[in-house]
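Using the UniProt record's numbering, the first residue of the sequence shown is number 1, and each one after it goes up by one.
Don't be surprised by glycine CBs; every beta carbon is placed ideally from N, CA and C.
Report on one structure; see the data block that follows.
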Amino acid sequence: MSEAESKESGLVRIERLVTSGTFSLDGGTWDVDNNVWIVGDDAEAIVIDPAHDAQAVADAVGDRRTVAILLTHGHDDHIRAARESAELLRAPLHLHPEDRILWDAVYEDAPDAEIADGDVFEVAGVSLTALHTPGHSPGSTSFSLPALGAVFTGDTLFQGGPGATGRSYSDFPTIVESIRERLLALPEETVVHTGHGDTTTIGDEKPHLQEWIDRGH
């Protein structure tokens, strides 16, 4: 299923593709739907988290030039189709190096490029800035897109709270700090495009930070 988000700046747009598959970690496997985000115009695009179905991702991009594939983190539901997607789209894969421990559980080769906090990726006249937001995983990274009033948070922040931290290489105090210092500092009208489920806004989530801390997840 593919749906175009309504937030646009000129010809630049955000599109969402929902793909379905499994997520495996720590000996468990779950069925899961993932959001694949495409940012660009009619000529070029950046793909964020091409999950599960590489051909569906390639079909959604169409004949546009893919500038880069950005991975918010290294959990297998987000990366297992990433290498095939990169080959179909002829685009470099970018991942934060602190998530290599997760990447290496799936692939023998390295990602094409490392993401560092503050890196800027340009597409169709707009810029996405990498924000290192660890906690869900050590290298979890969000991508801020001020021109369209958006941020892509992967599994760091969802509608209703932080991503899960009850698995290997995750930490609840760390994700809370990432959300408080990096994400909730964004303008309240910023639309949060998540790795799974519905979008939300910084303003809708910000008042609930203490509730999340009190419940511990």
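Q) Which residues bound the alpha helix (DSSP H) around THR153? A) THR153 -> not in any alpha helix (DSSP H); beta strand (DSSP E) instead, spanning 150-154.
Q. For LEU89, which of GLY125, ILE48, GLN159 and SER142 has the nearest alpha-carbon?
A. ILE48
Q | Within the stretch 27-92, ranges of the alpha helix (DSSP H) (whole runs, at least 4 residues) | A | 54-61, 76-79 and 82-89
Q: Please say whether LEU131 and PHE121 have beta carbons closer to each other than 7 angstroms?
A: no
Q) On the three-pair Cβ rule with 8 angstroms, is the stretch 160-177 touching the stretch 132-144? A) yes
Q: Quick one: which unbroken alpha helix (DSSP H) runs of 4-plus residues sit fully inside the stretch 144-216? Chain order, please.
A: 172-178, 202-205 and 209-215
Q.
Can you tell me whether residue 250 is helix, strand or coil according to DSSP?
A. In the structure displayed, the chain extends from 1 to 217; residue 250 sits before or after that span and is not available.
Q. Helix or strand or just coil, what does DSSP make of GLU108?
A. GLU108: coil per DSSP, three-state reduction.
Q. CA-CA distance, TRP30 and ALA185?
A. 33 angstroms
**Q.** Endpoints, the beta strand (DSSP E) within which ALA116 is located
**A.** Here ALA116 belongs to no beta strand (DSSP E), and DSSP marks it neither H nor E.
Q) Between ILE213 and the rest of its own chain, which residues show a CB-CB distance below 8 angstroms, the 5 nearest in sequence each way excluded? A) Excluding positions up to five away in sequence, the list reads VAL176.
(Q) Quick check on this structure: which residue in SER140, GLU205 and VAL57 has the alpha carbon closest to the alpha carbon of SER20? (A) Closest option to SER20, Cα to Cα, is VAL57.
Q) If we count the other Cβ atoms within 10 Å of its Cβ and call it buried at 16 or more, is ASP117 buried or exposed? A) By the 10 Å Cβ count, ASP117 comes out exposed.
Q: Have a look at ASP76, HIS52, ILE46 and ILE202 and flag the residue whose alpha-carbon is nearest the alpha-carbon of ASP63.
A: ILE46
Q: From the DSSP output, read off the bridge partner residues of HIS132.
A: THR141
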